[in-house]
Each structure stands twice: as C-alpha cells, then as structure tokens.
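So the structure is just underneath, and the comments pick up after that.
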Amino acid sequence: MAPEKKLTPAMQQVKMFKEQYPDCVLFMRMGDFYETFFEDAEICSRELDLVLTSRSKDPAGNPIPLSGIPYHAVDLYLPRMIRKGYKVAICEQVEDPKQAKGVVKRDVVRVVTPGTAIDADIIPGQAARYLMAVNPDRKKHIIGLAFLDITTGEFFIKEIPGGEDFSSLATEIERYSPLEILVPQDMPADIIPFLVSTGRVLTPVRSLFYEHAKETLCEQFGVVSLEGFDTSSPLSLGAAAATLCYAKETQKVSLQHIRGFSKKYDTDAMILDAVSLRNLEILTPLRGDRNDTTLFGFLNRTRTPMGARALRSVLTRPSTSPAEINYRLDAVQYFTERPVLLSAVKSVLSRLSDIERIAGRISYGNASPRDLLSLSASLSAVPELKAELETAEGLLRDKLLSIPEFAGIAELINAAIVDEPPIVYKNGNVIRSGYSEDLDAQRDVVANGRSWIAELQNTERERTGIRSLKIAYNNVFGYYIEVTKANLDKVPPEYERKQTTANGERFTIPALREREALMAQA
3 MAPEKKLTPA
13 MQQVKMFKEQ
23 YPDCVLFMRM
33 GDFYETFFED
43 AEICSRELDL
53 VLTSRSKDPA
63 GNPIPLSGIP
73 YHAVDLYLPR
83 MIRKGYKVAI
93 CEQVEDPKQA
103 KGVVKRDVVR
113 VVTPGTAIDA
123 DIIPGQAARY
133 LMAVNPDRKK
143 HIIGLAFLDI
153 TTGEFFIKEI
163 PGGEDFSSLA
173 TEIERYSPLE
183 ILVPQDMPAD
193 IIPFLVSTGR
203 VLTPVRSLFY
213 EHAKETLCEQ
223 FGVVSLEGFD
233 TSSPLSLGAA
243 AATLCYAKET
253 QKVSLQHIRG
263 FSKKYDTDAM
273 ILDAVSLRNL
283 EILTPLRGDR
293 NDTTLFGFLN
303 RTRTPMGARA
313 LRSVLTRPST
323 SPAEINYRLD
333 AVQYFTERPV
343 LLSAVKSVLS
353 RLSDIERIAG
363 RISYGNASPR
373 DLLSLSASLS
383 AVPELKAELE
393 TAEGLLRDKL
403 LSIPEFAGIA
413 ELINAAIVDE
423 PPIVYKNGNV
433 IRSGYSEDLD
443 AQRDVVANGR
453 SWIAELQNTE
463 RERTGIRSLK
473 IAYNNVFGYY
483 IEVTKANLDK
493 VPPEYERKQT
503 TANGERFTIP
513 ALREREALMA
523 QA
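Residues in the sequence shown are numbered from 3 upward in steps of one, following the numbering used here.
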C-alpha cells in the first residue's frame, strides 16, 4: 500500500498561518516574492490581474493554485486589496534562508485591514479613518459604540438607543463613515443583517476583547484608574477595549500615541439622522461621485488636512451651543475685517502637513525621513502663525497662546536629516555627515573597507615575505588570510589558524578580526 501523500513543509506552514488568520489573504514571503496559495491565489489573481499558476500538489494530487508579487512591489498591490475590502496578513521570513535548517522560519508581522491601515497610500484622502466597535444590549435597548482613528489617535465613545429599526446606529455609521466595524462573536442575530446592508467591512472578534474593559484601557493609557474619564457607559467602554485589542493584535505595536478617549454627547449638537445627512448631501452626493457637489465639498477651503477633518465634524454635528456659535462668528468677523491678515494666515497654514498622521506613523515606527522633514517644516511655521495673530482677542487668542513652542524639535530634525533624504531609511544616506561621530566612523568603515583590506594584504605580504598571500572572504568563515603549503614555514606566530584546505591553510589576526566586526556592525 502506497504511503499517504502529505503537504510539503512549506505548504504545511501556509496551512498553519491560514488557520490562525482564516479571514485574511495571506501574503507569504518566499525569497524575492510574496506568494499566495490555494483560494488566496485565486482571489489575488482575480482582484489584482495576476497570472494564476500552480506549485506542487495537495494530498489528493490536485495542483495547488499559486500567484505572487515581487516583494518590492507590495506597496502597489496591497492598497488595491484593502480598498476592495480584503484583510491581508503579511508573513515575513524571520531568519536568514541561508542559515535555515529545513523550512525557513516565518511569522505574521502585521495584519492590514481597512480600519487599521496606517500607510497613506492604502486609504488616501484627508477624512478620518475610523475603526468602529459595536456593543449592544438588546434587553436594555442600548448600544455602546467606540470609534478609533489609529492614523491620528482620535478615540471617542458614544451610547445610543438600540431601537428595532436601528435608526440611531444608521445615523452614526452615516455620520462617521467607519471603514471597518467590529462586532462580538455572540452578537444578537437580528443586528447582523442591518450591519451587512451598510456595505461596511464587518469583522467578528472574540467576545473576550469586550471584557475587562477598564483594565485594558488603564494599561493602554498608563494609569491606575479611569478617574478623569467618563465611564458612565460600560457598554461603550467594552467597545473601546475591543477596538484597542483588535488594533494591537493586528498591528503588533503598542499604539503609544493613543493616550485617552473622550465621550461624545448630542446634547449640544443638532441631530442629523442618516436620511437627512444623505438627502441634504452633507458629505455624499445623491447622484454621481463628484464630492464638490456636496455641502462639505462646496465649503471646504481649508488649508490643512486637520482643518478638513474638523469641518466634516462640524457639518455632521452642528453645534447648538450659543457660546460655541458666537465664538465661531467672532472668529469669522475678525478675519473678514482683516483680508490682508487672512491672506497671510492662509499662506502659513498651507505649509502645514498632516501633523496628526505623521505623529501616528512615528508612534508606529514607520514614519519616513520625508515625514520627519514635513513635521519639522510644519512645526517651524507655528511661531509665524502666532506672530501673525498676536493682535487676536478672546477665545481665538487663548487657543493660540495654548499652542506650545516646538522650535527644539524642528531644529533637531533639521540638524540630523539631510535636505533631500530617500523615501525609506533602508536606502541609507538619511543622517547628515557630522551629526554623529559613531555613524560617520561606521560609514567610513563601509566606504573604505575594501581599500583597507587591500592595504592590509600588501602590508602582510611585505612583513612576511609571502608574495602569494591573499586576504579573501566567504559566508562561512568570513575574512581570512590564505597561505599556500609551500609558504607555511613563513607564517608568523601571531597568525591564528581558522581552516586547513587541500592547498594550504587559512588564518586570521586581531586587526583583521576587529575590522571584520566593525564592517558587520556597520
């Protein structure tokens, strides 16, 4: 009887990760490609217009579907998958394939989903990118909600009525346009069809995410209690904990920029339900896809991404507070009476980048060198803005005076980073020469390493009288001094034997060993 066929070790590894991330398309790093297999390969072939081929066979003898993309092109293909509503698990090689014994060790380093995408290229635009969590209590007819924008750190909770028609829930979804909605696995069945009908990406998560909410939030914020936060809604706190747990589990980072949350009340805002928001074309046109035909598109003359997000919030939750309304009217009057000043302020604001999202990427550890220069330019503009508005009065002046000075941060960035850095750090040449003595020394080691080796080879030939002596390198033994059998009697006593070969022996000396260590470190 023929032995039962099994999957190859690599395919067993694929199967293991798919069992851990069943709702994700698995991008498996294999050499210079991210490969997808089985049904994932068919999905990617269809959605990304990739060639579908096969690799080996399954135990039944059927070819295993395969499609792949070059690793350096992942930033082109990944956004297309996320925009189509897919979740992608990025599985990297975590050991050098040359050192691997058997199948290369791999691990999922992050999961990219519509609600947790941090990269600007994945979900473009200035609008907030909310991850929303729903936590209903059908007996009490209450729903706790949480909204987290991990790109900016904005984090707030709400509690709404849970009526049979879910009109309040529909309003919140229309108002905030979440890219992904989390629901507990034991979610009441009657809510699911409604959420599916919204067209949002729906993600069931472990009910455990919603439990021990206060402990989860305290740990995230680095506090011993939630005193000072509004904790009047346990359902909303559970939803907040779920968003944090899900974001941390998928991104595998600590989310250090999320240090607190707020609770939104509608007592000081006009309630615009989902039907009104659509019919009034506040954010979305009734016909076509031209956003400039909406109220937001018509009014949006903001100069910064932060301003655009603030305007969206104001339009979807119009204030009913007389004090807030009068403050805005006073600010409008102040600028309309000073057109020259208004023009100058617009000019300064136009130099500001998306500071909130840059700060988020810094927290994630994936900010680019150009992000840091953009941050520096933005921070450098703050003193100019305050100087232009030094004659302002009232609340506008108070808000300006509350902005701290960031000159030290801007100066540090400008002193450290070159004027025209590469897009990514791995390309090198990011830090200015002269900023770090240690880095300059290591750069010198790399730049002059070969010439130093050649000079040492000539020195040792002269010193030993071995004209055929040579210094070479291989991946196993590193750098070594090679001496033929005919010249072994001339080898100095300080030479340390590394290997015996058919034609002679290989040695090292302290100077060569130290230089090799420096080159490896550099």
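Where a beta carbon is used, it is the ideal one built from N, C-alpha and C, also for glycine.
Since the model is a prediction, treat every value here as computed from it, not as a measurement.
- Rounded to the nearest angstrom, the gap between the Cα atoms of L403 and L391 is 10 Å.
- In terms of Cβ geometry, S378 and I357 do not form a close pair [threshold 8 Å].
- Under the rule that a run must span 4 or more residues, the alpha helix (DSSP H) segments found entirely inside the region 294 to 338 read 297 to 301, 307 to 318, 324 to 338.
- Judged by DSSP secondary structure, E161 falls outside any alpha helix (DSSP H) and instead within the beta strand (DSSP E) spanning 156 to 163.
- Collapsing the DSSP output to three states places Y132 in coil.
- When the beta-carbon positions are compared, L68 and E37 come within less than 8 Å of each other.
- In the DSSP assignment, C46 falls within the unbroken alpha helix (DSSP H) covering 40 to 50.
- Per DSSP, the unbroken beta strand (DSSP E) holding S69 starts and ends at 65 to 72.
- The Cβ-Cβ distance between E462 and I433 does not fall below 8 Å.
- Closest option to P424, judged by alpha-carbon separation, among L351, L374, N489: L374.
- Residue environment analysis places K100 among the exposed positions, since fewer than 16 neighbouring C-beta atoms fall within 10 angstroms of its C-beta.
- Comparing C-alpha distances from C93 to each of F149, F29, H143 shows the shortest one belongs to F29.
- Taking a cut-off of 8 Å on C-beta distances, the region 258 to 276 touches the region 234 to 249, as three or more cross pairs fall below it.
- The straight-line gap separating the alpha-carbon atoms of D291 and R31 is approximately 38 Å.
- The beta-carbon separation of L458 and I473, rounded to 6 Å, stays under the 8 Å limit for a contact.
- In this structure A361 touches H259 by the C-beta definition: roughly 6 Å separates them, less than 8 Å.
- For E41 and R82, the gap between their C-alpha atoms comes out near 18 Å.
- Taking every protein chain shown into account, the CB of F211 has 16 or more other CB atoms within 10 angstroms, so this residue is buried.
- When the beta-carbon positions are compared, I175 and T154 stay at least 8 Å from each other.
- Per the coordinates, the alpha-carbon of S315 lies some 55 Å from the alpha-carbon of P61.
- Beta-bridge pairing by DSSP links V203 to E182.
- E507 is bridged by DSSP to V485, T502.
- For C26, there is no enclosing beta strand (DSSP E), as DSSP marks it with neither H nor E.
- In this chain, K59 is not harboured by any alpha helix (DSSP H); it is covered by the beta strand (DSSP E) spanning 55 to 59.
- The Cβ atoms of R372 and L279 do not sit closer than 8 Å to each other.
- Taking 8 Å as the upper bound for CB-CB distance, T218 and A243 are in contact here, some 4 Å apart.
- V277 and T173 have their alpha carbons spaced roughly 8 Å apart.
- Around the CB of A522, fewer than 16 other CB atoms lie within 10 Å, so the residue is classed as exposed.
- Look at Q95 here: in three-state DSSP terms it is strand.
- Partner residues in the beta bridge of D109, as assigned by DSSP, are E94.
- Of all alpha-carbon atoms in L78, D34, K254, V207, the one lying nearest the alpha-carbon of N368 is that of K254.
- In the DSSP assignment, D151 falls within the beta strand (DSSP E) that extends over 144 to 151.
- Take the alpha-carbon of Y427 and the one of S370: they are about 7 Å apart.
- The alpha-carbon separation between A394 and L343 amounts to approximately 11 Å.
- In the DSSP assignment, A75 falls outside any beta strand (DSSP E), carrying neither H nor E.
- In the structure shown, the three-state DSSP call for F211 is helix.
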